[in-house]
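Notes for the one structure printed next.
Numbering (our numbering), first residue to last: 408 to 494.
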């Protein structure tokens, strides 16, 4: 996938839904982010963003939003589209 496409989806997901729940648990964000920091390429950034999105879908319910709780994938058209691409 192209960097710009993944970036657009990633930023929309983060803005509208927040980060995936439990980013410090099963998904070790710091280790994956270190790869991007030490070698800041579009390829590494794309892979990182795709990993974050994929992890969100592995939880069963997607993004934990501010005071909204978890949003089930099947209740949101944009999440369904992203699930088909990234999961």
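Where a beta carbon is used, it is the ideal one built from N, C-alpha and C, also for glycine.
For residue 443 against residue 424, the beta-carbon gap comes to about 21 Å, at or over 8 Å, which does not count as contact. The beta carbons of residue 420 and residue 489 sit closer together than 9 Å. Relative to the Cα of residue 412, the nearest Cα in the group 453, 437 and 491 belongs to 453. Looking at the backbone, the Cα of residue 437 and that of residue 463 are separated by about 16 Å.
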